[in-house]
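The numbering used here applies: residue 5 is where the sequence shown begins, and numbers increase by one.
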Amino acid sequence: MKYSLKIFTIFGIPVELHFSFLLLMLAIYVVALFGLIPGIDVIIAILITLLFITVVLHELTHSYVAKSYGVEIERIVLLPIGGISAMKNLPKDPHQELRIAIAGPFINLVLAAVFYPVYLFYGSFLPESINFLLYNFVLLNLLLGAFNMLPAFPMDGGRVLRAFLAERMNFVRATELAASIGKQLAIIMAIIGIFFNPFLILIGIFVYLGADQESRMVMINTLLEGIHVKDIMTTEVKTVKTTETVSDVLKLMFKHRHMGYPVYQDGNLQGIVTFHDLSDIPQEQRDLPVENFMTRDLVVTSPEEEVSATLEKLNMNNVGRLPVLQNGRLVGIISKTDVIKALEIRKTRFTN
Ligand code: ZN
5 MKYSLKIFTI
15 FGIPVELHFS
25 FLLLMLAIYV
35 VALFGLIPGI
45 DVIIAILITL
55 LFITVVLHEL
65 THSYVAKSYG
75 VEIERIVLLP
85 IGGISAMKNL
95 PKDPHQELRI
105 AIAGPFINLV
115 LAAVFYPVYL
125 FYGSFLPESI
135 NFLLYNFVLL
145 NLLLGAFNML
155 PAFPMDGGRV
165 LRAFLAERMN
175 FVRATELAAS
185 IGKQLAIIMA
195 IIGIFFNPFL
205 ILIGIFVYLG
215 ADQESRMVMI
225 NTLLEGIHVK
235 DIMTTEVKTV
245 KTTETVSDVL
255 KLMFKHRHMG
265 YPVYQDGNLQ
275 GIVTFHDLSD
285 IPQEQRDLPV
295 ENFMTRDLVV
305 TSPEEEVSAT
315 LEKLNMNNVG
325 RLPVLQNGRL
335 VGIISKTDVI
345 KALEIRKTRF
355 TN
């Protein structure tokens with residue numbers, strides 16, 4: 005993730021600290037050590053550190069269970085509003101998702117259950133500050149466990165809700181329903197946050213955007229399932245030569261209403277040129293060959309690739325089309341428009 009710092013790796017999972025989190029922690033320690041804000045002392049700073057450790061444990065438990073189901077965990081990122089386990093692929097089996105989701109809050113309950121008796125039986129023998137930390141650590145875990153179980157998808161409780169729904173309807177519908185409940189709860193959280201705690205506003209925004217993004221991703225991946233590049237690519241590929249001028253290629257684009265062309269030299273693919281590359285070139289430079297303006301770092305795909313993977317490449321590289329190569333030979337071209345068309349066709353079939 006951007007702006008985050010890797011602090012350690014555990015079970016092969018990198019744990020990263022977002023800079024906002026780091027700054028917040030530093031600020032708290034500075035405030036505590038210099039007594040800048042009454043009420044925030046070193047004990048409170050330690051309590052906040054304990055909160056941080058608790059969040060790590062919570063995320064690690066999710067990741068540990070997910071890993072046992074073969075789900076790859078890219079990393080765990082800690083933000084001031086909580087942790088995120090970035091999974092490469094999500095489990096589609098509702099039972100697995102349920103267990104992964106519940107594992108986090110469960111560990112909080114376990115921690116509370118372990119430390120509460122310690123507080124209860126030994127608290128009075130311990131120094132007051134340790135006693136205070138112990139009590140608040142138990143409270144913190146109870147609160148974290150309960151808060152995460154709110155059915156606000158994509159929070160843990162929302163994932164449990166989706167898993168529950170997914171056993172009764174198809175996965176896309178279940179996700180949409182869970183996401184819409186999640187968004188409504190996010191709005192309520194933000195409103196409560198205005199009056200009580202600004203952190204809740206942040207969490208509300210985060211939940212809202214997360215619900216939106218994840219439901220869209222599930223929708224797209226499900227709709228594209230089983231479609232390969234060869235099924236939707238354009239096979240009649242018009243190409244241009246590296247030596248053709250900008251104005252000639254622009255004319256070609258207008259004539260054929262086709263906005264991207266692979267560029268060849270002596271039978272070898274050299275790059276790709278799009279309307280976007282050429283449209284802003286001033287008149288006096290339009291006699292120059294297109295090779296001066298084409299994209300040379302080619303991201304390519306193959307006929308057998310799943311379209312969902314290709315779409316990810318298109319988005320990640322922020323390009324509109326990819327050449328399709330088979331054994332080094334150009335066999336087609338696939339554009340975002342092709343993917344969107346396929347999505348629309350599948351969508352009508354899916355919803356009818
Ligand atoms: Zn969680």
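C-beta: ideal position from N, C-alpha, C; glycine also.
Since this is a predicted model, take the numbers as computed values, not measurements.
Taken from the Cβ of G161, every heavy atom of the ligand ZN lies 6 Å or farther away.
The C-beta distance from N225 to S312 rounds to 5 Å, short enough to meet the 8 Å contact threshold. The criterion of a C-beta distance shorter than 7 Å is satisfied by L61 and I111. G108 has its Cβ nearer than 6 Å to a heavy atom of the ligand ZN. In chain order, V250, F297 place their CB closer than 7 Å to the CB of I285, counting only its own chain and leaving out the 5 sequence neighbours on each side. Remark: the C-beta of N296 is outside contact range of the ligand ZN, defined as less than 6 Å to any heavy atom. With 16 or more other Cβ atoms from the protein chains shown falling within 10 Å of its own Cβ, K187 counts as buried. Annotation: I14 to L315 spans about 31 Å, alpha carbon to alpha carbon. Judged by DSSP in its simplified three-state form, K340 adopts helix. The beta carbons of V277 and Y268 sit no closer together than 7 Å. Between L326 and V304, the CB-CB gap stays under 7 Å. In the DSSP assignment, R163 falls within the alpha helix (DSSP H) that extends over 160 to 170. With 16 or more neighbouring CB atoms inside 10 Å of its own CB, T179 falls in the buried class. From the listed residues L26, D45, L27, the smallest Cα separation to V35 is found for D45.
Look at L83 here: in three-state DSSP terms it is strand. Distance check between Q287 and each of D252, E63, E132 places D252 closest, using alpha-carbon atoms only. L40 has its alpha-carbon roughly 36 Å from the corresponding atom of T65. Excluding its 5 nearest sequence neighbours in each direction, I198 has C-beta neighbours in its own chain below 8 Å: I205, listed in chain order.
If you draw a straight line from the Cα of E240 to the Cα of A215, it comes to about 40 Å. By the CB criterion at 7 Å, I85 and I207 fall inside the cutoff. For the alpha helix (DSSP H) assignment, the uninterrupted runs of no fewer than 4 residues enclosed by the stretch 62 to 133 are, from N- to C-terminal side, 98 to 126. Within the DSSP bridge table, the entry for E310 names H232 as partners. If you look at G264, you'll find it in the beta strand (DSSP E) that goes 264 to 269. Per DSSP, L181 lies in no beta strand (DSSP E) segment; the continuous alpha helix (DSSP H) that holds it begins and ends at 175 to 199. Here T247 carries a coil assignment [DSSP, helix/strand/coil].
H22 sits buried, since 16 or more C-beta atoms from the chains shown fall within 10 Å of its C-beta. The DSSP-derived three-state label of E348 is helix. With a beta-carbon spacing of about 4 Å, A116 and N145 fall inside the 8 Å limit used to define contacts. Taken from the Cβ of N145, every heavy atom of the ligand ZN lies 6 Å or farther away. Exposure of F12 is indicated by the presence of fewer than 16 other C-beta atoms within 10 angstroms of its C-beta. Exposed is the label assigned to G16, since fewer than 16 other Cβ atoms lie within 10 Å of its Cβ.
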